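Going left to right, the sequence shown walks through residues 29 to 448 as our numbering numbers them. As structure tokens, the structure follows; a few thoughts come after it.
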Amino acid sequence: LAMGVCCPKADVGHVGTSEWRQDQAPEPSMQGLHNWEGNEDPQTSKMAEYSTGSWLRQHSRESSKATDDPKFDRSITSVSFKEDDVLQLFRKFDANRDDSVSQEELLAVLQQLSDPGDTRGEKLEELLQRIDTNGDGMIQLEEFMAWCSASGDVWKKLRWSCFHAVRAEAARLSTNKHFPARNKNKISHFPWVEEILWMIVEGKCKGISTIKETGEQCTPLLLVAGACPNSICGMQAVMFAQVKAGIEFWWTKPQADVPRKLDRHTLDLHKEGPHRNATSKSRALYQPLADKFKGSKEDIFEFGVDTNGRAFIDEKTPDGCRRMLLYFVWQENWSSFFAYNKFIEGKLFYQRGLPWDEPVVKESSNSKSKKTSKASPAPFFARQYRLEGDGLKIAGIETEETVLTLLPPDVCQEMFKFDT
Numbered sequence: 029l030a031m032g033v034c035c036p037k038a039d040v041g042h043v044g045t046s047e048w049r050q051d052q053a054p055e056p057s058m059q060g061l062h063n064w065e066g067n068e069d070p071q072t073s074k075m076a077e078y079s080t081g082s083w084l085r086q087h088s089r090e091s092s093k094a095t096d097d098p099k100f101d102r103s104i105t106s107v108s109f110k111e112d113d114v115l116q117l118f119r120k121f122d123a124n125r126d127d128s129v130s131q132e133e134l135l136a137v138l139q140q141l142s143d144p145g146d147t148r149g150e151k152l153e154e155l156l157q158r159i160d161t162n163g164d165g166m167i168q169l170e171e172f173m174a175w176c177s178a179s180g181d182v183w184k185k186l187r188w189s190c191f192h193a194v195r196a197e198a199a200r201l202s203t204n205k206h207f208p209a210r211n212k213n214k215i216s217h218f219p220w221v222e223e224i225l226w227m228i229v230e231g232k233c234k235g236i237s238t239i240k241e242t243g244e245q246c247t248p249l250l251l252v253a254g255a256c257p258n259s260i261c262g263m264q265a266v267m268f269a270q271v272k273a274g275i276e277f278w279w280t281k282p283q284a285d286v287p288r289k290l291d292r293h294t295l296d297l298h299k300e301g302p303h304r305n306a307t308s309k310s311r312a313l314y315q316p317l318a319d320k321f322k323g324s325k326e327d328i329f330e331f332g333v334d335t336n337g338r339a340f341i342d343e344k345t346p347d348g349c350r351r352m353l354l355y356f357v358w359q360e361n362w363s364s365f366f367a368y369n370k371f372i373e374g375k376l377f378y379q380r381g382l383p384w385d386e387p388v389v390k391e392s393s394n395s396k397s398k399k400t401s402k403a404s405p406a407p408f409f410a411r412q413y414r415l416e417g418d419g420l421k422i423a424g425i426e427t428e429e430t431v432l433t434l435l436p437p438d439v440c441q442e443m444f445k446f447d448t
């Protein structure tokens with residue numbers, strides 16, 4: 029057991045009687061500080077140098093003084109972690125990559141990694157107060173490092189749980205080649221789709237769309253975005269909807285004069301006229317996905333539409349079933365319209381359905397006179413996929429990402445190579 033943070037590259041000594049050895053667990057990769065070509069990212073490198081270099085030196089000296097105290101109780105000190113471990117854990121909590129961790133981000137990860145008793149009510153507020161030393165409601169890297177190397181508190185078990193999960197994830201990721209976003213289009217370029225996405229996740233889509241030529245009402249299920257705009261067409265996304273004959277899909281678009289807002293005419297299918305939005309050459313690319321949700325099985329996955337008008341993917345497991353309620357599909361890479369073997373790959377965004385219980389993020393507001401708490405929407409989730417021909421491959425549950433916003437941040441476009 030030791031106190032402080034061990035950093036082999038910094039000019040600090042190892043403090044305490046024990047340190048984490050490389051033969052005990054794989055070295056976590058520093059994906060947050062380097063890009064995929066191995067070149068340093070100036071902004072993140074500068075952050076790391078400022079936040080870890082001088083801070084580690086100062087904290088190491090303070091830790092050394094503490095361990096020289098004969099009254100110092102080593103049984104309650106934190107364990108000595110490497111700088112890479114701390115940065116990797118911070119990166120896992122910082123879902124939107126804004127260099128700080130919000131209360132929602134902290135809770136979303138803790139609910140997956142730790143004992144549920146550590147993330148409830150007063151205990152969570154106590155943890156937040158312990159880490160957020162400047163009281164601004166956000167956790168900065170310096171504060172997070174201080175907590176990771178702290179001693180004399182009750183959070184040692186929680187620290188170990190978090191670091192164990194991060195090391196296991198680093199070992200798994202080390203076998204997969206990672207890629208930054210390759211698509212010039214960014215998820216953040218599509219704020220106009222949020223209106224449709226909210227209606228889908230809130231269950232307010234029943235019969236809101238119409239096939240204009242027949243008058244048939246239909247229910248939007250999910251959106252697929254990322255391929256447009258391109259050299260051939262402008263900003264648009266594909267909307268899949270449930271119709272009497274199965275699944276239909278067409279283009280939805282933003283308003284021409286207000287590009288951040290949805291053109292509500294495109295909620296309906298127009299096969300001709302000024303609002304024509306039927307698919308043509310792209311139909312062969314998206315048809316296999318539509319066919320899935322007519323009711324099909326592939327490997328351990330089953331596809332369909334439930335009685336509430338939600339598209340789902342059921343993943344069969346030895347313990348039962350995990351239901352993904354799909355609402356958004358991002359295309360990061362795809363074949364051309366003229367390719368013989370057509371494919372799409374990217375991320376599936378979904379909510380957890382039964383038998384999964386959706387976690388609830390707690391938001392607290394404090395005042396001098398009273399303390400209140402309210403529930404906010406559960407986080408969303410993501411997994412990587414590849415649709416090629418009639419086959420849809422989905423990455424395993426161990427790769428699941430927590431997404432705290434309905435429209436995911438651009439960082440979710442990062443991909444890895446997985447066995448298809």
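Glycine residues also receive a C-beta, built at the ideal position from the N, C-alpha and C atoms. On a predicted model such as this, the values are computed, not experimentally measured, just so you know.
Under 8 Å: does the beta carbon of Y378 sit that close to some heavy atom of the ligand FAD?
What this structure holds is no ligand at all, so the ligand FAD is not there to describe.
Can you list, in chain order, the residues of its chain whose CB lies under 6 Å from that of L295, leaving out five sequence neighbours each side?
S237
Report buried or exposed for E426, applying the criterion of at least 16 other Cβ atoms within 10 angstroms of its Cβ.
exposed
Please determine, among V137, Q168 and F172, the residue with the shortest C-alpha to C-alpha distance to S189.
V137
Taking the straight line between their C-alpha atoms, what separation do you get for P436 and I215?
7 Å
Hey, A273 and V252 are a contact pair by Cβ (cut 8 Å); roughly how many whole angstroms apart?
Contact doesn't hold; Cβ gap of about 20 Å is too wide.
Which word fits L382, buried or exposed, when buried means at least 16 other C-beta atoms lie within 10 angstroms of its C-beta?
Flag for L382 reads exposed.
If you pair each beta-carbon of the stretch 320 to 334 with each one of the stretch 214 to 232, do three or more pairs fall below 8 Å?
At 8 Å Cβ cutoff, the stretches do not touch.
Work out the CA separation of K320 and Q379 for me, nearest whole Å.
18 Å
Give me the residue from E300, W362, I341 and I260 with the minimum Cα distance to M352.
I341
What did DSSP end up calling P302 once you bin it into helix, strand or coil?
coil
Around the C-beta of E429, are 16 or more other C-beta atoms found within 10 angstroms, so that it is buried, or is it exposed?
buried
Which of helix, strand or coil does DSSP assign to L186?
It is helical.
Would a C-beta distance cut-off of 9 Å place D291 and K299 closer than the cut-off?
no
Within 10 angstroms of its Cβ, does E154 collect 16 or more other Cβ (buried), or is it exposed?
So E154 counts as exposed.
Identify whether I260 lies in helix, strand or coil by the three-state DSSP scheme.
In the structure shown, the three-state DSSP call for I260 is coil.
Quick one: any contact between the stretch 404 to 422 and the stretch 170 to 188, if contact means 3 or more CB pairs under 8 Å?
Touching, no, given that fewer than three Cβ pairs across the two stretches are closer than 8 Å.
Rounding to the nearest angstrom, what Cα-Cα distance links A123 and V271 in this structure?
37 Å
Where does D26 fall in DSSP's three states?
In this structure the chain extends from 29 to 448, so residue 26 is not present and cannot be described.
By how many angstroms is the C-alpha of Y355 removed from the C-alpha of G235?
Distance between the alpha carbons of G235 and Y355 is about 17 Å.
Ordered along the chain, which non-local residues of its own chain (more than five positions away) have a Cβ less than 6 Å from that of H303?
H293
Go ahead and pull the three-state DSSP assignment for D319.
helix
Measure the CB-CB distance between A269 and L297 and report whether it falls below 9 Å.
yes
Starting from R119, trace the beta strand (DSSP E) both ways and give me its first and last residue.
R119 -> not in any beta strand (DSSP E); alpha helix (DSSP H) instead, spanning E111 to F121.
Rounded to a whole number of angstroms, what is the C-alpha to C-alpha distance between D127 and L415?
34 Å
Thinking C-beta only, is Q441 closer than 9 Å to P208?
yes
Can you list, in chain order, the stretches of the alpha helix (DSSP H) that have 4 or more residues and sit fully within the stretch 308 to 355?
311 to 320
Does the beta-carbon of F172 have 16 or more other beta-carbons within 10 angstroms, so that it is buried, or is it exposed?
Buried.
So the candidates are K370, S259, C349 and T161; which of them puts its Cα closest to the Cα of R311?
When each option's Cα is compared against that of R311, the closest is K370.
So what does DSSP say about S414, is it helix, strand or coil?
Sequence inspection shows Arg at residue 414; the Ser mentioned does not correspond to that position. In the structure shown, R414 sits in a strand (DSSP, three-state: E or B).
Please state whether the Cβ-Cβ distance between T307 and W278 is less than 9 Å.
yes
Got a sec? Which residues, its chain only, sit under 7 Å from K240 by beta carbon, not counting five neighbours each side?
D296, L297 and H298
Going straight from the alpha carbon of L135 to that of Q245, what length do you get?
Their Cα atoms are separated by approximately 41 Å.
Between V431 and F408, which are expected to be in contact by the criterion C-beta below 8 Å, what is the C-beta distance as a whole number of angstroms?
Contact holds; Cβ gap of about 4 Å.
Quick one: give me the first and last residue of the beta strand (DSSP E) that W278 is part of.
G274 to T280
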